[in-house]
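Below you'll find the structure, written out as C-alpha cells, and then a few comments.
There are 2 protein chains.
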Amino acid sequence: MQKSNVLVEALNMNGGDGPYSYAENSSYQRGAVETAEEIISRDIASKFDTKQLSSISPSPICIADFGCASGSNSLIAVHGIVEAIEAKLRSQGIDSKIIEFQVFFNDLVTNDFNMLLTSLPSERRYYAAAVPGSFHGILFPRTSLHFAYSSCALHWMSKLPDEVTDEGSPAWNNGRIFYIGAPNEVLEAYSSQFAKDMDSFLSARAHELVSGGLMALIVPAFPDGVLSLQTTNATEIQLLESCLVDMAKIGIVSEVEVDSFNLPAYYTSPKELKIVIEKNGDFTIERLETLKNPKRHIAMPNLRARTMFWRALIEGMIDKHFGEGVADELFNRYSTKAAQCSLFMSPERPSSVMLIAVLKRKDYLLGKK
Amino acid sequence: MQKSNVLVEALNMNGGDGPYSYAENSSYQRGAVETAEEIISRDIASKFDTKQLSSISPSPICIADFGCASGSNSLIAVHGIVEAIEAKLRSQGIDSKIIEFQVFFNDLVTNDFNMLLTSLPSERRYYAAAVPGSFHGILFPRTSLHFAYSSCALHWMSKLPDEVTDEGSPAWNNGRIFYIGAPNEVLEAYSSQFAKDMDSFLSARAHELVSGGLMALIVPAFPDGVLSLQTTNATEIQLLESCLVDMAKIGIVSEVEVDSFNLPAYYTSPKELKIVIEKNGDFTIERLETLKNPKRHIAMPNLRARTMFWRALIEGMIDKHFGEGVADELFNRYSTKAAQCSLFMSPERPSSVMLIAVLKRKDYLLGKK
Ligand SMILES: C[S@@+](CC[C@H](N)C(=O)[O-])C[C@H]1O[C@@H](n2cnc3c(N)ncnc32)[C@H](O)[C@@H]1O
Ligand SMILES: C[S@@+](CC[C@H](N)C(=O)[O-])C[C@H]1O[C@@H](n2cnc3c(N)ncnc32)[C@H](O)[C@@H]1O
Numbered sequence: 009m010q011k012s013n014v015l016v017e018a019l020n021m022n023g024g025d026g027p028y029s030y031a032e033n034s035s036y037q038r039g040a041v042e043t044a045e046e047i048i049s050r051d052i053a054s055k056f057d058t059k060q061l062s063s064i065s066p067s068p069i070c071i072a073d074f075g076c077a078s079g080s081n082s083l084i085a086v087h088g089i090v091e092a093i094e095a096k097l098r099s100q101g102i103d104s105k106i107i108e109f110q111v112f113f114n115d116l117v118t119n120d121f122n123m124l125l126t127s128l129p130s131e132r133r134y135y136a137a138a139v140p141g142s143f144h145g146i147l148f149p150r151t152s153l154h155f156a157y158s159s160c161a162l163h164w165m166s167k168l169p170d171e172v173t174d175e176g177s178p179a180w181n182n183g184r185i186f187y188i189g190a191p192n193e194v195l196e197a198y199s200s201q202f203a204k205d206m207d208s209f210l211s212a213r214a215h216e217l218v219s220g221g222l223m224a225l226i227v228p229a230f231p232d233g234v235l236s237l238q239t240t241n242a243t244e245i246q247l248l249e250s251c252l253v254d255m256a257k258i259g260i261v262s263e264v265e266v267d268s269f270n271l272p273a274y275y276t277s278p279k280e281l282k283i284v285i286e287k288n289g290d291f292t293i294e295r296l297e298t299l300k301n302p303k304r305h306i307a308m309p310n311l312r313a314r315t316m317f318w319r320a321l322i323e324g325m326i327d328k329h330f331g332e333g334v335a336d337e338l339f340n341r342y343s344t345k346a347a348q349c350s351l352f353m354s355p356e357r358p359s360s361v362m363l364i365a366v367l368k369r370k371d372y373l374l375g376k377k
Numbered sequence: 009m010q011k012s013n014v015l016v017e018a019l020n021m022n023g024g025d026g027p028y029s030y031a032e033n034s035s036y037q038r039g040a041v042e043t044a045e046e047i048i049s050r051d052i053a054s055k056f057d058t059k060q061l062s063s064i065s066p067s068p069i070c071i072a073d074f075g076c077a078s079g080s081n082s083l084i085a086v087h088g089i090v091e092a093i094e095a096k097l098r099s100q101g102i103d104s105k106i107i108e109f110q111v112f113f114n115d116l117v118t119n120d121f122n123m124l125l126t127s128l129p130s131e132r133r134y135y136a137a138a139v140p141g142s143f144h145g146i147l148f149p150r151t152s153l154h155f156a157y158s159s160c161a162l163h164w165m166s167k168l169p170d171e172v173t174d175e176g177s178p179a180w181n182n183g184r185i186f187y188i189g190a191p192n193e194v195l196e197a198y199s200s201q202f203a204k205d206m207d208s209f210l211s212a213r214a215h216e217l218v219s220g221g222l223m224a225l226i227v228p229a230f231p232d233g234v235l236s237l238q239t240t241n242a243t244e245i246q247l248l249e250s251c252l253v254d255m256a257k258i259g260i261v262s263e264v265e266v267d268s269f270n271l272p273a274y275y276t277s278p279k280e281l282k283i284v285i286e287k288n289g290d291f292t293i294e295r296l297e298t299l300k301n302p303k304r305h306i307a308m309p310n311l312r313a314r315t316m317f318w319r320a321l322i323e324g325m326i327d328k329h330f331g332e333g334v335a336d337e338l339f340n341r342y343s344t345k346a347a348q349c350s351l352f353m354s355p356e357r358p359s360s361v362m363l364i365a366v367l368k369r370k371d372y373l374l375g376k377k
C-alpha cells in the first residue's frame, strides 16, 4: 500500500476521552454543530417530506451521520434532527409517537466505536447502530435513508493526490505539508482530488437516500475571494510545518519523511462547493451559506486550546508517518513557537469558516439517475 | 445498582485476540455454528418467505445476529445465511444480484465492537452495522428484520434471580456459584428467570421481524432427563467453585464475596425450551432438535483448552466481582485440580448439548399480536 493511503487510514480522530482526545478537543466543531442545529431544524420544518411514510404500517425514519468520530457532537446533532422531524410530523397531524427512528453512526473502521456506543444515552428516542467504512463509498442499501448529515468531515480526502508525493511531478510538495504557500500545481492537485471525493460522496448518498430525502452538510472552507495564505489557519499549518523542518535539520525526523508528509485535507469555498454539487446532479441545493459566528465554547480560544485542537486532529497521522513519540516533541515546539509569533490568532485576519449546505435528493424519475 | 446486575454487565466475552480472548477460545461454539449452518441453509431453502420482497423496488433483506461477541463465529454464520437466502432467491427466479443485504451485529454495549468491525471482510455481500444493547429488549424498528439468528448466547440471563443472593430466601445459594448441586429452590429460581428472559427475547424479536420472518437459535442445554449433576459441565463448574472456596479459606478472596458470586447462566432442556416458546405464542416451531456431534475443532479437547474456554467466558465476571488478579490465581488452581480429577472429561459422561430451534414469526393478523 502506498504511504499516502496509510496516512489516510490514520486520519481518524484521537479516540477515548484523554487530554488529547477528539472528545475533549472539539469545542470548535461543537460550536458549528450547535449553530447549524437551528438552521437544520427550520429546514426540516419547511422541507422534510412526510409523503414517504405510509400511515398504515409506518416504516422507521432512518437517519445517518457520516464521520461521527467518537461521539459527543454527533449525539447532539442527531438529537436535534430527531426532535425537528417529530415536530414536523406533529404539525402534519401525524401521531409522532408511533413513528420509530433508527440512527446510524458512520465513521472509518479505525474509529473508536466502543467509545461512541458506550456514550449513547440510555433513554433515547431512536434505535442506534454503528456503520464502519468510508463515506466515499456506498454504505447503505438503496433508498434506505430519509436524512443524511455530516459535520466537519468532508474536508478529509480519500487519499493524497498522487502528484504531491511524486518527485517527477510539478505538483511535488517537498518541504511543505499542505498546499498553502505551495506552487499552484499543488493547489490544483488538492482541489481536483476534493472534487472527485465530493462527487463520490454525493453519488453514494444518492443511492442511499429516498427521493425527496434531505441532507445537511457542515463543511470547513475558506470564504470566497480569500487567499488561503492570508488566513490564521495558514499561520498555524505553516508553524507546524516549520517545526517539522527544524526537527529534520537536527535529525529527529528524516527530511524524506517530511517531504512525503502531507495533510490529506482541503478547505473548499462556497463557490467551489456549489459547482461540485451541481456537476454531480443528484441533489437540488436548498441552502448553501456560511454559518454566522459559530458559538465558540471556549470564549477566548487560547494558544493551549488551539494546540490541543491540532493535536487531536493530526496526532494519529504523525504517529503513523513518523513513529510514536514524535508528536510530543512536535507539539512542544509548536506551542513555544506559536507563543512568539505575533501574527498568531490576530482577530482581524480571516480564518476558515463553516459552510452549511442543505440538499434534497432529486426524484429518481426526474433526476439524472 | 445491585451487585447481581453489575455481574451481568461484565458477562461479555473477553475481547481482543490475546491468549485468553473469546476469539481464540471459541472453537467449541465454532463447531456448533458450523454444524448448524447446513441445517439452517436447508430450512431457508424450504421455509424462507420471499413474498415480503417487492419486485419493483426491492427493499434490502435485513439479518441480525444477537450476541455476536467479537466476531469470527458470527461472520461465518452470517455468510452462510446470506448465501442460503441468495440460493433461495435464485431458485425462485429472482435476480439475486439486485437484492441488497444489511446485516446487524448485536451484543451488549460493553462488547469489543472495534474488534468485530475491523475484522469484517472488506469484500462482502452485505452492508454491516453494529447494534449495542441487551437482546432482552427491543433493538430494531418494527418489521425491519427478515431473519434473526443467535448462537450460544441465550443461556446468559438478564440478571441473577434475586433470591439466590438473598440470605433470607430458601433459594439463597451460599457456598456455591451455580445451581448445580444446590437445593431445588435454587434451580427453580434460575429456571423461572430463564423463562422470563426467553419470553422477553421472543417478544422483542416478534416486534422486529416481518410476519413469516425466520429465526434460528442455537442454545446450550442439557439433554432431557439428564440430571445436571451427572454432566461433565457439573464437574467443571464444581471444580471452579471449590477453588474459590479454597481461596476464601486462605483469605485471597472473602467468603461473603464467594457467597454472592453466582453465574448468571442457565442450561435449558429441549422440553423446557419448547414450553417457553409455545407459551410466548408469537412463533411457530419449525424445528427443535439437538445438534448431532458438533464438529470440535480441537480433535481431543484437552485440559488446557477447556481451562482457556472457561477463562474466556467468565474472566470478565471474576474481575468485576473479586477484583483484578484473582483470575490468574483461580485458573492456576483450576488446572492443577482438574489434572488430578479422574472423572474429568470422561467421554462416557453426558455433557451439555446444543439445541437448534428454527422459528417462524406468526402472521400479525392471525398471531396473538
Ligand atoms: C473532525 S471529525 C468530526 C466529528 C463530528 N462530526 C463533529 O462534528 O464533531 C471528522 C471525522 O470524519 C471522519 N472521516 C474522515 N474521512 C472519512 C471517511 N472517508 N469516511 C468516514 N469517516 C471519515 C474522521 O475519522 C473523523 O472522525
Ligand atoms: C458465548 S458468546 C457467543 C458468540 C457467538 N454468537 C458464537 O456463537 O461464538 C455469547 C455472547 O452473548 C452476549 N450476550 C449475553 N447476554 C446478552 C444480552 N442480553 N444482549 C446481547 N448480547 C448478550 C455476550 O456478551 C457474548 O458476547
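Protein sequence lines, in the order shown, are assigned to chains A and B. If you read the first sequence in our numbering, its first letter stands for residue 9, the second for the next number, and so on. If you read the second sequence in our numbering, its first letter stands for residue 9, the second for the next number, and so on. Virtual Cβ for every residue (Gly too), placed ideally from N, Cα, C. For clarity, every value in this text was computed on a predicted model and none was experimentally measured.
| Query | Result |
| --- | --- |
| Go to arginine 203 of chain B, then tell me how far its alpha helix (DSSP H) extends in each direction, as first and last residue. | Strictly speaking, residue 203 of chain B in this sequence is alanine, with arginine absent from that position. From DSSP, the alpha helix (DSSP H) with alanine 203 of chain B extends over 192 to 216. |
| Quick one: grab the DSSP three-state call for methionine 223 of chain A. | strand |
| Ligand 2 and cysteine 70 of chain B: does the residue's C-beta get closer than 7 Å to at least one heavy atom of that ligand? | no |
| When you compare the CB of aspartate 120 of chain B with every CB in chain A, is at least one pair closer than 8 Å? | yes |
| Counting only C-beta atoms, is serine 82 of chain A closer than 8 Å to chain B at any point? | no |
| Is the distance from the Cβ of glutamate 45 of chain A to the Cβ of alanine 85 of chain A below 8 Å? | yes |
| Measuring only the C-alpha atoms, how far is alanine 307 of chain B from glutamate 286 of chain B? | Because the pLDDT at alanine 307 of chain B is just 36, under 50, the model does not fix this residue reliably, and the point stays unresolved. |
| What does DSSP give as the partner residues of methionine 165 of chain B in its beta bridges? | Methionine 165 of chain B is not bridged to any residue. |
| For lysine 8 of chain A, count neighbouring C-beta atoms within 10 Å of its own C-beta (all shown protein chains included) and say buried if the count is 16 or more, exposed if not. | Outside the displayed range of chain A (9 to 377) lies residue 8 of chain A, so it cannot be described from this structure. |
| With H, G and I counted as helix, E and B as strand and the rest as coil, what does DSSP make of glutamine 348 of chain B? | helix |
| In this structure, how does DSSP classify lysine 368 of chain A when only helix, strand and coil are distinguished? | strand |
| Does alanine 136 of chain A get closer than 8 Å to chain B when you measure Cβ to Cβ? | yes |
| Which value, in whole angstroms, describes the spacing of the CA atoms of threonine 43 of chain B and isoleucine 69 of chain B? | 24 Å |
| Alpha carbon to alpha carbon, how far is proline 358 of chain A from threonine 243 of chain A? | 11 Å |
| Can you check whether the CB of methionine 165 of chain A is closer than 8 Å to the CB of phenylalanine 202 of chain A? | yes |
| Within a Cβ cutoff of 8 Å, which residues of the same chain sit near isoleucine 5 of chain A, ignoring the five residues on either side of it in sequence? | Because chain A in this structure spans residues 9 to 377, residue 5 of chain A falls outside the shown range and cannot be described. |
| Just to confirm the assignment, what range does the beta strand (DSSP E) spanning isoleucine 69 of chain B have? | 69 to 74 |
| Please list, in chain order, the residues of the region 88 to 113 of chain A that have any C-beta partner in chain B closer than 7 Å. | Glu108, Gln110, Phe112 |
| How long is the line joining the alpha carbons of isoleucine 107 of chain B and histidine 215 of chain A, rounded to whole angstroms? | 14 Å |
| Report the option in A/Ile326, A/Tyr274, A/Gln348 whose CA atom is closest to the CA atom of leucine 168 of chain A. | A/Tyr274 |
| Label arginine 319 of chain A either buried or exposed according to how many other C-beta atoms from any shown protein chain fall within 10 Å of its C-beta, with 16 as the threshold for buried. | buried |
| Could you confirm whether any beta carbon from chain B is found closer than 8 Å to the beta carbon of serine 142 of chain A? | no |
| Please classify histidine 87 of chain A: does DSSP put it in a helix, a strand, or coil? | helix |
| Going by C-alpha distance, which of A/Gly101, A/Asn119, A/Glu94, A/Leu116 is nearest phenylalanine 109 of chain A? | A/Glu94 |
| CB of phenylalanine 56 of chain B to nearest heavy atom of ligand 2: below 7 Å? | no |
| Pull up the distance between the alpha-carbon of tyrosine 135 of chain A and that of serine 99 of chain B, whole angstroms please. | 34 Å |
| Among A/Thr58, A/Thr239, A/Val266, which residue has its Cα nearest to the Cα of cysteine 251 of chain A? | A/Val266 |
| If you count every other CB in all the chains shown that lies within 10 Å of the CB of isoleucine 364 of chain A, and 16 or more means buried, which is it? | buried |
| Taking C-beta to C-beta, are valine 114 of chain A and leucine 147 of chain A nearer than 8 Å? | Looking at the sequence provided, one finds asparagine at residue 114 of chain A rather than valine. Against a cut-off of 8 Å, the Cβ pair of leucine 147 of chain A and asparagine 114 of chain A comes out as a contact. |
| Would you kindly work out how many angstroms separate the C-alpha atoms of valine 117 of chain A and serine 127 of chain A, rounded to a whole number? | 18 Å |
| Rounded to whole angstroms, what is the Cα-Cα separation between leucine 299 of chain B and serine 158 of chain A? | 47 Å |
| With three or more beta-carbon pairs closer than 8 Å as the criterion, would you say the region 186 to 205 of chain B touches the region 170 to 178 of chain B? | yes |
| Nearest by alpha-carbon distance to leucine 321 of chain A: which of A/Leu248, A/Ala190, A/Ser152 is it? | A/Leu248 |
| Report the residue from B/Ala224, B/Leu222, B/Thr239, B/Gly189 whose alpha carbon sits nearest the alpha carbon of phenylalanine 230 of chain B. | B/Thr239 |
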